[in-house]
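In order, the protein sequence lines correspond to chains A and B. Under the numbering used here, the residue at position 163 of the first sequence is numbered 165, and the numbers go up by one with no gaps. Under the numbering used here, the residue at position 133 of the second sequence is numbered 135, and the numbers go up by one with no gaps. Here the structure comes first, spelled out in structure tokens, and everything after it is commentary.
There are 2 protein chains.
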Amino acid sequence: MIKILVDAMGGDNAPYATVAGAVQAVNKDKELHLILTGRQAEVNAELKKYSYDLSRVEVIDCPDVIDMNDSPTEAVKRKQSSLIAAYWLLKKEDDICALVTAGSTGATIVGGQLILGRIRGIKRPALCPAIPNSRGGVTLLVDCGANAECKSVMLCQFALLGTAYAKAGFNIKNPRVGLLNNGTEEHKGDPLRQETYKYLSEMKGIDFIGNVEGRDIMLGECDVVVADGFSGNIALKSIEGCGKLILSTLKREFTSSVSSKIGYLFIRKAIKRMRAQLDFDKAGGALLLGLKKPVIKSHGSSKPETIANSIANAAGIYRGKLIPAVEELLSDADFTVGDND
Amino acid sequence: MIKILVDAMGGDNAPYATVAGAVQAVNKDKELHLILTGRQAEVNAELKKYSYDLSRVEVIDCPDVIDMNDSPTEAVKRKQSSLIAAYWLLKKEDDICALVTAGSTGATIVGGQLILGRIRGIKRPALCPAIPNSRGGVTLLVDCGANAECKSVMLCQFALLGTAYAKAGFNIKNPRVGLLNNGTEEHKGDPLRQETYKYLSEMKGIDFIGNVEGRDIMLGECDVVVADGFSGNIALKSIEGCGKLILSTLKREFTSSVSSKIGYLFIRKAIKRMRAQLDFDKAGGALLLGLKKPVIKSHGSSKPETIANSIANAAGIYRGKLIPAVEELLSDADFTVGDND
């Protein structure tokens, strides 16, 4: 049995999407046991719409809901909110494996650090989405926004965390790690990048292939791209904007003439497939890496399918033994373990 | 008459592409007079292939060529190279308006600073491409790689330079300026972004709309996006990678079945149009903004059409009176003019 918490009130479409997604996930994976935190009456009203194994879905009443506009540090004090109550359960109950939320990113990060806590030796957790690449696989981008400012030790730890995630979550045997930089040559970038390059070159437990550029994320030149949360966020959002522009241009072009409309009839399946591939929000959320248990941050606009994928991703990460993989890599690495500042 | 220098030996396809592009440009614009710097015999051999107004194209013999692997600071000492000789001419001859090169970016930037020189009061030149956006216009990204490390005064000057370029090069009356950040809220980002936000809010001569995210570059939320060269480069390259992935996926999807192949016959024109729109290398190069005269850095892999577009862009910028526009904005702004460190 794999017990996973779902923040039923998190996201723009909650509790409809979270409940529907939870039901989809539990119907697909017979090992799953889901605990939904949220306003019991609302959640139960949604649950009633579907048929599923009642013994594998429970609801815990949390009268409070965190708003996207609430300050994260204030939000974590609200113990009766669906997200924070879930974090406390995740911390206290050994048999609960993971948490999935589509709620406030800030509150998820702060709650993860203050309530659940980091893996011993890890300085900061990082937000890590899996971005589809042109090789048919995914590229993990660590960090994409949890830490706007980074030191080189943090970036080195992101390399390690990403390596563990690639192994545990995607079954990649020897994940190749690249450092996101403004050029591939060794001397490129600011002092932070130059220093980190040196450390990564000497680090045990990772396969560092050198500097990579923004384009390499989607071209799949490596499996793990290490970035500070500021530039990682800019890379992720730039990719998102480009995808949106192209898809809207395609749509306009396909309706621009009679012949293109006819053409579209023949290729609409292909376009649909491509649209799905580009929609990496759907792919299963971003993992908040470095905490004591896996926490998946699903997009705020998550639909039922997105939530179901995020839950499946959380189960997969637990099955792949992410946390032991991180701990093993950490014990081989040179970081000063213990102070955990 | 508009006299423009073309580095005939710069780029992967030189002198074929540079000469062919120069001829295209000169045949299109009767006011143009081009001066090609490069190995005279090679350049003349290419020129012989075409018909054009001989009185408007001259060649200056430069036996030396800068390699992409040469160190920029060493390269600028090589006065007989096609790029550096062009810079000396640009500096000395008042009637020469601009320079176009597809050669080494590093040597172009260093040569621009050390030989041509900056506009009085400008701290650092910035590399600025025009990226097509979903509104059918372009978004100017300043800086996309000339300055990996920036201070807030530099970012504020980039806002000013971008505003002048939007006015002079694209006839945008009141260019909207955004600060590239990892979120739109005022408090977002690192201390550099927070400090710059404050300064930009108070700055005269620009229309600052606040923070923008990576996605807003292509969505066209503003006309000028201000970034340090590190994150600007990552945004630009991420967009490039995404575009490449989508176009290769499209190609694969269109050949994946008989019906999609038939469909492609109907929409190939639309796809070709889209491909051209995405290929912003072709659009006319990146302007090295902040120097005493316009310098256009065309992509290293420039084809004749790219070079012709870069030359046309240089002529347009000169006609639009970029340098006076910068000087006017500078005189209104609060920067300490004169030290020019």
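From the three backbone atoms N, C-alpha and C, an ideal C-beta is built for every residue, glycine too.
So the beta strand (DSSP E) residue i belongs to, where does it begin and stop?
i, result
"A:ILE4", "4-9"
"A:VAL227", "226-228"
Can you tell me where the alpha helix (DSSP H) holding residue i begins and where it ends?
i, result
"B:GLN234", "Checking the sequence, you will find Gly at residue 234 of chain B rather than Gln. First-last of the alpha helix (DSSP H) with B:GLY234: 231-256."
"A:ILE319", "306-321"
"A:VAL328", "324-334"
"A:CYS158", "154-172"
"A:LEU221", "216-221"
"A:TYR199", "193-204"
DSSP beta-bridge partners for residue i?
i, result
"A:PHE210", "A:VAL179"
"A:ASP66", "A:SER83"
"A:LEU92", "DSSP output for A:LEU92 lists no bridge partner at all."
"A:ALA288", "A:LYS299"
"A:HIS35", "A:LYS5"
"B:ILE98", "B:LYS5"
"B:THR141", "B:ILE133"
"A:THR103", "A:LYS299"
"B:ALA128", "B:LEU291"
Under the three-state reduction of DSSP, which class applies to residue i: helix, strand or coil?
i, result
"A:ARG40", "Note on identity: in this sequence residue 40 of chain A is Gly, with Arg being the wrong assignment. In this structure, A:GLY40 counts as strand in the three-state DSSP scheme."
"A:ALA278", "helix"
"B:ALA120", "A quick correction: the sequence has Arg, not Ala, at residue 120 of chain B. Residue state, collapsed to three classes: strand."
"A:GLU151", "coil"
"B:ASP343", "Residue placement at B:ASP343 is poorly supported in this model, since its pLDDT is 45, which falls under 50; the coordinates still yield a value, given next. In this structure, B:ASP343 counts as coil in the three-state DSSP scheme."
"A:GLU187", "coil"
"B:VAL61", "strand"
"B:ALA16", "coil"
"A:TYR1", "Because chain A here runs from 3 to 343, residue 1 of chain A falls outside it and cannot be looked at."
"A:VAL21", "helix"
"B:SER261", "helix"
"A:ASN46", "helix"
"B:LYS30", "helix"
"B:LYS271", "helix"
"B:VAL112", "helix"
> For the segment 228-245 of chain A, which residues have a CB atom closer than 9 angstroms to at least one CB atom of chain B, in sequence order?
Replying inline: The residues in question are ALA229, ASP230, GLY231, PHE232, SER233, GLY234, ASN235, ILE236, ALA237, LEU238, LYS239, SER240, ILE241, GLU242, GLY243, CYS244 and GLY245.
> Quick one: any contact between the segment 281-299 of chain B and the segment 107-123 of chain B, if contact means 3 or more CB pairs under 8 angstroms?
Replying inline: Touching, yes.
> For the 8 angstroms Cβ check, are there 3 or more pairs between the segment 123-132 of chain B and the segment 144-153 of chain B?
Replying inline: Yes, since at least three Cβ pairs between the segment 123-132 of chain B and the segment 144-153 of chain B fall closer than 8 angstroms, the two stretches touch.
> Counting pairs of Cβ atoms below 8 angstroms between the segment 159-175 of chain B and the segment 251-260 of chain B, do you hit three or more?
Replying inline: No contact exists between the segment 159-175 of chain B and the segment 251-260 of chain B.
>> Does the segment 272-280 of chain B come into contact with the segment 238-253 of chain B, if we say contact requires no fewer than three beta-carbon pairs (one atom in each stretch) closer than 8 angstroms?
In response: With three or more CB-CB distances shorter than 8 angstroms, the segment 272-280 of chain B counts as touching the segment 238-253 of chain B.
>> Does the segment 300-312 of chain A come into contact with the segment 48-66 of chain B, if we say contact requires no fewer than three beta-carbon pairs (one atom in each stretch) closer than 8 angstroms?
In response: No, because fewer than three Cβ pairs between the segment 300-312 of chain A and the segment 48-66 of chain B fall closer than 8 angstroms, the two stretches do not touch.
>> If the cut-off is 9 angstroms on Cβ atoms, which residues from the segment 191-217 of chain A count as contacting chain B, listed in chain order?
In response: Taking 9 angstroms as the Cβ-Cβ cut-off against chain B, the residues of the segment 191-217 of chain A that qualify are GLY191, ASP192, PRO193, ARG195, GLU215, GLY216 and ARG217.
>> Using a Cβ distance threshold of 8 angstroms, determine whether the segment 13-28 of chain B contacts the segment 44-53 of chain B, with at least three qualifying pairs required.
In response: Judged by Cβ distances under 8 angstroms, the segment 13-28 of chain B makes contact with the segment 44-53 of chain B, as three or more pairs qualify.
> If contact means a Cβ-Cβ distance below 8 angstroms, which residues of the segment 140-152 of chain A contact chain B?
Replying inline: Going along the segment 140-152 of chain A in chain order, one finds GLY147, ALA150 and GLU151 with a Cβ nearer than 8 angstroms to chain B.
>> Output needed in chain order: residues of the segment 262-275 of chain B with a Cβ under 9 angstroms from some Cβ in chain A.
In response: When CB distances to chain A are screened at a threshold of 9 angstroms, the residues of the segment 262-275 of chain B falling below it are SER262, LYS263, ILE264, GLY265, TYR266, LEU267, PHE268, ILE269, ARG270, LYS271, ALA272, ILE273 and ARG275, in chain order.
> Using Cβ-Cβ distances below 8 angstroms, what residues of the segment 157-171 of chain A are close to chain B?
Replying inline: Here the close residues number zero.
>> Across the segment 51-58 of chain A and the segment 320-338 of chain A, are there enough close Cβ pairs to call them in contact, namely three or more that are closer than 8 angstroms?
In response: With a cut-off of 8 angstroms on Cβ pairs, the segment 51-58 of chain A is not in contact with the segment 320-338 of chain A, counting fewer than three such pairs.
>> Contact between the segment 257-271 of chain B and the segment 179-186 of chain B is defined here as three or more beta-carbon pairs at a separation below 8 angstroms; is this criterion met?
In response: When C-beta atoms of the segment 257-271 of chain B are compared with those of the segment 179-186 of chain B, fewer than three pairs fall below 8 angstroms, so the two segments do not count as touching.
> Do the segment 237-244 of chain B and the segment 156-165 of chain B meet, that is, are 3 or more Cβ pairs less than 8 angstroms apart?
Replying inline: At 8 angstroms Cβ cutoff, the stretches do not touch.
>> Against chain A, which members of the segment 82-114 of chain B pass a CB distance test of less than 8 angstroms?
In response: Residues of the segment 82-114 of chain B with a C-beta atom less than 8 angstroms from some C-beta of chain A do not occur.
> Along the segment 44-75 of chain B, what residues have a CB closer than 7 angstroms to any CB found in chain A?
Replying inline: Close to chain A, meaning a Cβ-Cβ distance shorter than 7 angstroms, is no residue of the segment 44-75 of chain B at all.
> At a Cβ cut of 8 angstroms, what residues of the segment 244-260 of chain B count as close to chain A, listed as they run along the chain?
Replying inline: Result list: CYS244, GLY245, LYS246, LEU247, ILE248, SER250, THR251, LEU252, GLU255, PHE256, SER258 and SER259.
> Is it a yes or a no for the segment 91-101 of chain A touching the segment 3-21 of chain A, going by three-plus beta-carbon pairs under 8 angstroms?
Replying inline: Contact holds between the segment 91-101 of chain A and the segment 3-21 of chain A, because three or more Cβ pairs, one in each stretch, are under 8 angstroms apart.
>> By the 9 angstroms beta-carbon criterion, what residues does the segment 122-139 of chain A contribute toward chain B?
In response: Answer set for the segment 122-139 of chain A: PRO134, ASN135 and SER136.
>> Measuring CB atoms only, is the segment 119-129 of chain B touching the segment 263-272 of chain B, in the sense that at least three cross pairs come out at less than 8 angstroms?
In response: With a cut-off of 8 angstroms, the segment 263-272 of chain B and the segment 119-129 of chain B do not count as touching, because too few Cβ pairs lie within range.
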